[in-house]
Amino acid sequence: MSTAPRLAPLVEAASARYRSAGLFAWNFARGKLGGDPMFAGILAHGLLAGRARLLDLGCGQGLLAAWLLAAHACHAARRDWPAQWPAPPQLASYRGIEINPSEAERARRAFAAEPGAGLHIVHGDIADVDYGSADAVVILDVLHFIEYAAQERVLARARAALDRAGLLLLRVGDADAGVRFALSSAVDHTVAVVRRGRWPRLQCRPLRAWEELLARLGFTSRSLPMSAGTPFANVLLVAEPR
Ligand SMILES: C[S@@+](CC[C@H](N)C(=O)[O-])C[C@H]1O[C@@H](n2cnc3c(N)ncnc32)[C@H](O)[C@@H]1O
Numbered sequence: 001m002s003t004a005p006r007l008a009p010l011v012e013a014a015s016a017r018y019r020s021a022g023l024f025a026w027n028f029a030r031g032k033l034g035g036d037p038m039f040a041g042i043l044a045h046g047l048l049a050g051r052a053r054l055l056d057l058g059c060g061q062g063l064l065a066a067w068l069l070a071a072h073a074c075h076a077a078r079r080d081w082p083a084q085w086p087a088p089p090q091l092a093s094y095r096g097i098e099i100n101p102s103e104a105e106r107a108r109r110a111f112a113a114e115p116g117a118g119l120h121i122v123h124g125d126i127a128d129v130d131y132g133s134a135d136a137v138v139i140l141d142v143l144h145f146i147e148y149a150a151q152e153r154v155l156a157r158a159r160a161a162l163d164r165a166g167l168l169l170l171r172v173g174d175a176d177a178g179v180r181f182a183l184s185s186a187v188d189h190t191v192a193v194v195r196r197g198r199w200p201r202l203q204c205r206p207l208r209a210w211e212e213l214l215a216r217l218g219f220t221s222r223s224l225p226m227s228a229g230t231p232f233a234n235v236l237l238v239a240e241p242r
């Protein structure tokens, strides 16, 4: 899992804002933005192009916002931007909701230098917090941490937060993917034990079941493999309201 050389400047630019949030936050940002193909994939496929108001459920330390802000700056400066990629979104507002107070605090510190930039981190549970409305809702590697019925309520509320032109990006592990899925789960368990000192009860579904759930809740979806270069079984579902 190494960063393609052409993306290294973008990864460095996005990670730099985490210096103010501490060494852990900075190094985590560099590792995750450089090693997880999802971040480059979102830009390369233009998935959020033209979406100005984002709602990020389970935002962690706000990596997606940092990534999109750096992408916009690189693209605007015509510097370090792959020629074949479409223009990135220009964020008008970003709202991240995060249950872990340490993660939320790291995100807040990273964005503190731009108080008027429309970046808001809410410390709370995505099961409770008001979603308002958004052009795109993103839920990346989060839903398996909450119980099945709550997952369905979150997705139904995400649908209600979007108008007909809206978009949902949902990354999940495919529980039918055998060893690669087992490996993703092992990593999630380990991280939860190390960071929170407890063994989580993960509530996962096969890809087919996620797709059926999205269809039942009023979305049309397509799936993009989103684990190239990693041993995991992650899939990004790109879902549009019907
Ligand atoms: C694997 S991390 C992914 C973080 C972020 N989406 C990203 O891709 O960088 C999962 C995050 O979901 C958060 N989370 C889990 N359950 C949550 C809930 N009920 N409400 C809000 N955040 C939650 C965790 O605290 C963690 O930060």
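With my numbering as the guide, the letters of the sequence shown map in order to residues 1 to 242.
Glycine is no exception: its CB is placed at the ideal position from the N, C-alpha and C atoms.
Given the structure is predicted, the values throughout are model-derived calculations rather than measurements.
Residue i: first and last residue of the uninterrupted beta strand (DSSP E) it sits in
| i | result |
| --- | --- |
| residue 246 | Because the chain spans 1 through 242 in this model, residue 246 falls outside it and cannot be assessed. |
| residue 298 | For the chain, the structure presents residues 1 to 242; residue 298 sits outside this window and is missing. |
| residue 171 | 167-173 |
| residue 201 | It is not in any beta strand (DSSP E) - residue 201 carries neither H nor E in the DSSP assignment. |
| residue 119 | 119-123 |
Counterpart residues of residue i in DSSP-defined beta bridges
| i | result |
| --- | --- |
| residue 219 | 241 |
| residue 57 | 97 |
| residue 224 | 236 |
| residue 137 | 55, 168 |
C-alpha distance - residue i paired with residue j, whole-angstrom precision
| i | j | result |
| --- | --- | --- |
| residue 174 | residue 60 | 21 Å |
| residue 54 | residue 197 | 31 Å |
| residue 35 | residue 62 | 16 Å |
| residue 1 | residue 147 | Confidence at residue 1 is low in this model, with a pLDDT of 43, below 50, so the placement of that residue should be treated as unreliable; the coordinate-derived value is given next. C-alpha separation (whole angstroms): 31 Å. |
| residue 161 | residue 131 | 6 Å |
| residue 223 | residue 40 | 16 Å |
| residue 143 | residue 71 | 26 Å |
| residue 105 | residue 121 | 8 Å |
| residue 23 | residue 32 | 14 Å |
| residue 68 | residue 177 | 30 Å |
| residue 212 | residue 181 | 19 Å |
| residue 89 | residue 48 | 6 Å |
| residue 12 | residue 108 | 19 Å |
| residue 101 | residue 19 | 18 Å |
| residue 145 | residue 200 | 7 Å |
| residue 25 | residue 231 | 24 Å |
| residue 14 | residue 112 | 14 Å |
| residue 123 | residue 139 | 16 Å |
| residue 16 | residue 118 | 19 Å |
| residue 83 | residue 74 | 12 Å |
| residue 171 | residue 192 | 18 Å |
| residue 50 | residue 86 | 10 Å |
Inter-residue CB distance, residue i and residue j (contact presumed, cutoff 8 Å)
| i | j | result |
| --- | --- | --- |
| residue 169 | residue 188 | That pair is no contact at about 19 Å. |
| residue 245 | residue 58 | Lying outside 1 to 242, the shown extent of the chain, residue 245 is not represented and no answer is given. |
| residue 159 | residue 217 | 5 Å |
| residue 127 | residue 150 | 5 Å |
| residue 185 | residue 234 | That pair is no contact at about 12 Å. |
| residue 220 | residue 242 | 5 Å |
| residue 30 | residue 56 | The pair is not a contact, with the Cβ atoms about 20 Å apart (cut-off 8 Å). |
| residue 155 | residue 240 | Not a contact, Cβ separation roughly 13 Å. |
| residue 110 | residue 66 | 6 Å |
The alpha helix (DSSP H) enclosing residue i, as first and last residue numbers
| i | result |
| --- | --- |
| residue 31 | 23-35 |
| residue 191 | 179-196 |
| residue 142 | That residue, residue 142, is in no alpha helix (DSSP H); it is neither H nor E in DSSP. |
| residue 64 | 63-76 |
| residue 147 | Note, residue 147: premise wrong, no alpha helix (DSSP H); not H, not E. |
| residue 15 | 8-16 |
Chain D contact for residue i (CB, 9 Å cutoff)
| i | result |
| --- | --- |
| residue 188 | No chain D is part of this structure, which consists of one protein chain only. |
Contact test: residue i Cβ vs ligand 3 heavy atom, cutoff 8 Å
| i | result |
| --- | --- |
| residue 52 | As presented, the structure is devoid of ligand 3, carrying ligand 1 as its sole ligands. |
Check each residue's C-beta against every heavy atom of ligand 1 and list, in chain order, those closer than 6 Å. 58, 59, 60, 63, 97, 98, 99, 100, 103, 125, 126, 127, 140, 141, 142, 145, 146
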